[in-house]
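UniProt numbering puts the sequence shown at residues 1 to 292. Here's the structure we're looking at; comments come further down.
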Amino acid sequence: MRDGELDIDAPLVERLVARRFPAWAELPVTRLRSSGTENAMFRLGPELVVRLPRHPGAVADVAHERDWLPRLGPGLPVAVPEPVGFGEPDSGFPWPWSVYRWLDGANPVAGAVEEPEQLAKELGAFVAALRRTATADAPRSYRGGPLAGQDESTREALARLAGRIDTAGATARWERALAAPTHTGPPAWAHADLSPGNVLVAGGGRLSAVIDFGCAGVGDPAVDLIVAWNLLPAAVRGVFRDAVGAEDAEWARGRGWALSIALVQLPYYWRTNPVLAKNARHTIGEVLAESA
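Dropping the structure here:
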């Protein structure tokens, strides 16, 4: 999917684990199917998972999660990844990598959410709790700035999508989002990539975990409202909004973020990542279906 991406397989992970963590050397290693774009994931025995960056742009996330997950996790209402080991670069792999506790659950499917109202409440509670986390020394989120910073990439994506989606409708809704008042409050924590692939549900559709905090940081937390369009059905968006406490301008910016991310993803992953492309089309359709 990206330039500089490494070919990572189970035998490589077995060698890395055996050299760095001899106590786990006999545990079976199994690659996990994933639509993720930044990391390769391998199950390590019944209780662990190995996560390795796939390309140079994902390497910094290893240290970021190592530093911040232990600080963020205790204040959140659902499980988040728990780092238990860190691997160093060696002759078989050029970057640092991580071992986490295994988290049970499955990714919910947009358009087929089992208990949408309950999930909306639980996702809202997660976002609200994350926003209450202290921001001292917190890193800036790369999606934490003004929505206008996404204008160039969004319009480039719209041009590439001409004839494949309703670009006139998408442009109108994008421009409406850009017109929303900017964030004037203090910076707050946001996950910044709250998409179906980073949400785990279990026990009849209940939120069980949120994963992949590589984008997490502080800024305008409106970006975490994207899950209202990339996952939740329209009928329960108000439930999620109430749980978060989002006012009109923030809601408009969140919808703009959802649209922009989906528009940029769609042409990029059109052929290389069918799961992400499908969700991008779903998100764009959900935004276009709203009249305001």
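No residue lacks a Cβ here, since even glycine has one placed at the ideal position from N, Cα and C.
Nearest-angstrom Cα separation, counted from residue j out to residue i
| i | j | result |
| --- | --- | --- |
| Pro28 | Pro94 | 23 Å |
| Val201 | Gly105 | 5 Å |
| Leu157 | Ala58 | It should be pointed out that residue 157 corresponds to Ala in this sequence rather than to Leu. Rounded to the nearest angstrom, the two C-alpha atoms are 23 Å apart. |
| Arg255 | Phe21 | 44 Å |
| Tyr269 | Ala18 | 35 Å |
| Pro77 | Glu286 | 28 Å |
| Asp193 | Cys215 | 6 Å |
| His55 | His183 | 33 Å |
| Arg271 | Ala249 | 35 Å |
| Leu12 | Met41 | 12 Å |
| Thr167 | Arg173 | 10 Å |
| Gly36 | Asn107 | 12 Å |
| Gly204 | Gly85 | 31 Å |
| residue 301 | Pro70 | With the chain running from 1 to 292 in the structure shown, residue 301 is simply not present. |
| Val264 | Arg206 | 30 Å |
| Tyr142 | Ala112 | 30 Å |
| Glu247 | Leu276 | 29 Å |
| Ala162 | Glu152 | 16 Å |
| Leu6 | Gly87 | 17 Å |
| Asn39 | Val109 | 21 Å |
| Arg160 | Glu26 | 49 Å |
| Ser291 | Arg176 | 11 Å |
| Glu65 | Gly238 | 31 Å |
| Gly245 | Ser34 | 32 Å |
| Gly45 | Gly4 | 29 Å |
Three-way DSSP call (helix, strand, coil) for residue i in this model
| i | result |
| --- | --- |
| Ala58 | helix |
| Ser153 | helix |
| Trp174 | helix |
| Asn273 | coil |
| Gly85 | strand |
| Val217 | The sequence as given places Gly at residue 217; Val does not occur at that position. Residue state, collapsed to three classes: strand. |
| Ser34 | coil |
| Ala188 | strand |
| Asn107 | coil |
| Phe21 | coil |
| Arg143 | coil |
| Pro181 | coil |
| Leu263 | helix |
| Ala79 | strand |
| Ala148 | helix |
| Ile284 | helix |
| Leu6 | coil |
| Glu290 | coil |
| Arg132 | coil |
Residue(s) in a DSSP beta bridge with residue i
| i | result |
| --- | --- |
| Arg101 | Leu48 |
| Gly92 | DSSP lists no partner for Gly92. |
| Ile165 | Ala162 |
| Pro53 | Asn39 |
| Leu207 | Val201 |
| Val29 | Leu44 |
Interface flag, residue i vs chain B, CB-CB below 9 Å
| i | result |
| --- | --- |
| Ala246 | The structure shown contains no chain B; it is built from a single protein chain. |
Within 9 Å, strictly: CB atoms of residue i and residue j
| i | j | result |
| --- | --- | --- |
| Thr135 | Pro187 | yes |
| Arg253 | Leu123 | no |
| Gly117 | Val236 | Looking at the sequence provided, one finds Glu at residue 117 rather than Gly. Contact flag set, yes. |
| Pro53 | Trp24 | no |
| Leu178 | Tyr100 | no |
| Phe240 | Ala129 | no |
| Ala125 | Leu259 | no |
| Val127 | Ala190 | yes |
| Leu266 | Arg131 | no |
| Ala279 | Pro196 | The sequence shown places Asn at residue 279, rather than the Ala named in the question. A contact, by the Cβ cut-off of 9 Å. |
| Trp251 | Ala209 | no |
| Thr283 | Ile226 | yes |
| Leu103 | Ile211 | yes |
| Ala243 | Ala289 | no |
| Gln150 | Trp229 | no |
| Ala60 | Thr30 | no |
Inter-residue CB distance, residue i and residue j (contact presumed, cutoff 8 Å)
| i | j | result |
| --- | --- | --- |
| Gly73 | Glu82 | 7 Å |
| Arg43 | Leu32 | 6 Å |
| Gly144 | Asp67 | Going by Cβ atoms, the distance from Gly144 to Asp67 rounds to 17 Å, so no, they are not a contact pair. |
| Val62 | Ala138 | At roughly 18 Å, the Cβ-Cβ gap does not stay under 8 Å, so Val62 and Ala138 are not in contact. |
| Val199 | Leu232 | Their Cβ separation, rounded to whole angstroms, is 10 Å, which puts Val199 and Leu232 out of contact at 8 Å. |
| Phe213 | Val80 | 7 Å |
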